[in-house]
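Okay, structure first, notes after.
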Amino acid sequence: MINLFIKYCFRNVTNFVAKHNSKKNLRNSLLILCLSLGSPAWAAKQADPLQYWKKLLHFGETHSQVISQDFFLAKNGNADPDAELAHTIQLLNSPQGRTIACRFPARYQWIRQTQKAVPQYDLHQCREIQKFKQSFQHQTLKLVFASEYLNKPVSSFGHTLLVFYDEDKPLLSADTIHFAAETQADDGFLTYTWKGFTGGYQGYFHRDPFFKKQLQYTIQEQRYIHLYTLDFNKQQIEKIIHHLYELRNARFKYYYVNQNCAYQIANLLDIASDDISFSSDGFVLPIDVIKRYKTQYTRHTVLQPVTRKIQFLLKDMPERDLGQFEQVLAGELDPDNTLPNHVKQVLYLYYDHAYRSQRIKHPNYQKVLRLKYQREKLDIPSPQPMDKPGAHRISIGHLKQDGQESALLSYRPVLQGLRDTLITEQQDFELSLFQPMVRIQDNTSYLHQFDFINLKSFPTRSYLYKPLSWQFYTGFNRNNLKQSLNYETEFGLGLSYQLSLFSMNYSINIGSDLSLGDYYYKPNITALLRLGDNFKIGIEASEKYYEHHQFITRSGFVSFTTGNHGLTLEYSQLPHLEQESMNLSYHYYF
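At position 505 of the sequence shown the residue is numbered 605 (our numbering), and the sequence of numbers has no breaks.
The following block contains the structure:
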């Protein structure tokens, strides 16, 4: 199947080749690159009379993605949906029929409605099902997106979950369902990455009260929570709850980039509908699922990180009031109800956050919590996930270097980079996986760069939130004196600061050029200026110190994005090689 990306590659590469009268092998090499990179997240399946049955079995191309044997009734039910259906009908018509119906209510209801070859069993007589259903709030269903959190690899793309909510009850008491890998506490980044890509983890659906997830996201991890209310009716929500009952002991193989939390939540939502479902042909990101259901949202609510609220209250606070806030923190002023209302509010938020996130209990903690204040409504702007361009990006660039011209063609499968304009307010970050870049010059093509993993997390430091920034890179590049394609791995730590629209990061990186067996350390400075959601200016300077030589890089860029289209103009210098270059790139996001 030729997907969107392949079509785009084919069209642009063919046009480029025709224009430059390039050789046939050049065209073929670029088309092979396009074909090898994967496809967009969703691809429609053909109509199938057993389509919904296969959804209930979580059936993929050749077998079910559920690895728990007790999820199936037939001996080969995980590989043969027809055999599973036949054996289920046989059991439903046996003395065990009521037990099977109570064990698999969603399957039984579908068989009863479509096959009509089984007895009628009253599911209200199934005590365990009724107990399970009654434990859920179920008037309203919300699809939730928790924003990206790069300090924990499992959450670096964000997270999706479902919230079952009754309007007459507090949101904090609502029920949440999410899918997660069963990781080990001592798993480091590299271990998680390897197991996550190879299916080394098992995953399953978790149930938690909403207050627990809000504590984790808005206080401990400083992430935005976006709640989208779905226009699902009572029967659709009941279908999902019945299927959750069937899945309560089910386990899956967990794959970081496709069969992940987003993919499994999307499959769970598909249970509510008999319409044609979708499957993953490539990377699946939480934001893909959020955008997929955008026509079914009736309401959107945002819960903001507590530190964002604190920063907002402190930002324009009069100098006298700010002084009182700082005096209370220092223990120089006794907190009482004569303080201005907004000072009492920010003190409460500050102290409560310090205790709940870091177990810091200030000497005057109890006095601050007893303060009486009127909670002010804070009109704080929030980043809108639905406005973000697609996470996948194709780039075509024109490079001019020392009088020679060439073309650059690259594909970034997932997420975003520092040069992308729309970014979260909490931190700058870059996250890309398996990003190739091909250079075309003088009728020849060659691999210019291939980034396996490129991570940069530059969280903003504030009163309460003082994290280190960090970077990790592994891949092939030509950032060396010989400009040969060498394999490098690099890790760095640093500090990030932000003043209004301007941010700066300073880091010290340690790396190894594995192709040469050489090691280096690299001071690096990155400065960014955001001028709205569509325009960004940046500069970067770094120096690699090897044992016997240095490699210095200076660069600056200007980026502009509108809708799914973007432009980047980049100027760079390599002083040791007396080399300058200018690159103008067009980006298409999808």
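Glycine included, every Cβ here is placed at the ideal spot set by N, Cα and C.
Note on Ile540: 16 or more other CB atoms within 10 angstroms of its CB, so buried under the neighbour-count rule. Inter-residue distance for Leu439 and Gln320 is about 28 Å (C-alpha atoms, whole angstroms). Assignment of beta strand (DSSP E) within the segment 629 to 676, counting only whole runs of 3 or more residues, yields 635 to 645, 650 to 662, 665 to 674 in chain order. For Phe264, the three-state secondary structure derived from DSSP is strand. In this structure, Tyr473 is the residue among Tyr473, Ser457, Arg459 with its C-alpha nearest to the C-alpha of Leu447. Within its own chain, the residues whose Cβ lies closer than 6 Å to the Cβ of Gly666, once the five positions on either side in sequence are excluded, are His687, listed in chain order. A direct Cα-to-Cα measurement between Asn441 and Val406 gives close to 18 Å. In the DSSP secondary-structure assignment, Gly497 is bridged to Leu508, Ser685.
Sixteen is the threshold: when 16 or more other Cβ atoms of the shown chains lie within 10 Å of the Cβ of Gln165, as they do, the residue is buried. The beta carbons of Leu156 and Arg203 sit no closer together than 8 Å. The way I'd put it, the segment 272 to 292 does touch the segment 306 to 315; three or more beta-carbon pairs between them come closer than 8 Å. Per DSSP, reduced to three states, the secondary structure at Met417 is coil, with no helix or strand assignment. Assigned with DSSP and collapsed to three states, Pro559 falls in strand. The alpha-carbon of Asp487 is positioned some 46 Å away from that of Glu432. Distance from the CA of Gly638 to the CA of Thr162, rounded to the nearest whole angstrom, comes to 48 Å. In this structure Thr318 is not in contact with Lys242, their Cβ atoms being roughly 16 Å apart against a cut-off of 8 Å.
Taken through DSSP and simplified to helix, strand or coil, Asp436 comes out as coil. Residue pairing from DSSP places Pro536 in a beta bridge opposite Phe550.
Taking 8 Å as the upper bound for CB-CB distance, Thr398 and Asp331 are in contact here, some 5 Å apart. Rounded to the nearest angstrom, the gap between the Cα atoms of Asn579 and Leu677 is 11 Å.
Contact check for Gly592 against Asn624 passes: the beta carbons are separated by less than 8 Å.
Ser247 is classed as buried because its beta carbon has at least 16 other beta carbons within 10 Å across all chains shown. Taken through DSSP and simplified to helix, strand or coil, Glu530 comes out as strand.
By the Cβ rule, the segment 418 to 434 does not count as touching the segment 341 to 348, because fewer than three pairs are nearer than 8 Å. Taking all protein chains shown into account, Gly288 has fewer than 16 neighbouring C-beta atoms within 10 Å of its C-beta and is therefore exposed. The shortest C-alpha to C-alpha distance from Thr298 to any of Arg408, Lys353, Asn577 is the one to Lys353.
In the DSSP assignment, Gly197 falls within the alpha helix (DSSP H) that extends over 197 to 203. The way I'd put it, the segment 209 to 226 does touch the segment 194 to 201; three or more beta-carbon pairs between them come closer than 8 Å. In the DSSP assignment, Pro386 falls outside any beta strand (DSSP E) and within the unbroken alpha helix (DSSP H) covering 386 to 392. Beta-bridge partners assigned by DSSP to Phe572: Leu555, Phe591. DSSP places Phe311 inside the alpha helix (DSSP H), whose first and last residues are 310 to 314. In its chain, beyond the 5 residues on either side, Glu530, Ser532 have a beta carbon closer than 7 Å to the beta carbon of Gly517.
A residue is called buried when at least 16 other Cβ atoms come within 10 angstroms of its Cβ; Pro559 meets this threshold and is buried. For Phe352, the enclosing beta strand (DSSP E) begins and ends at 352 to 354. Sequence-distant Cβ neighbours of Arg654 in its own chain, meaning closer than 6 Å and more than five residues away, are Ala641, Gln673. In this structure, DSSP gives Thr521 a state outside helix and strand, which the three-state scheme calls coil.
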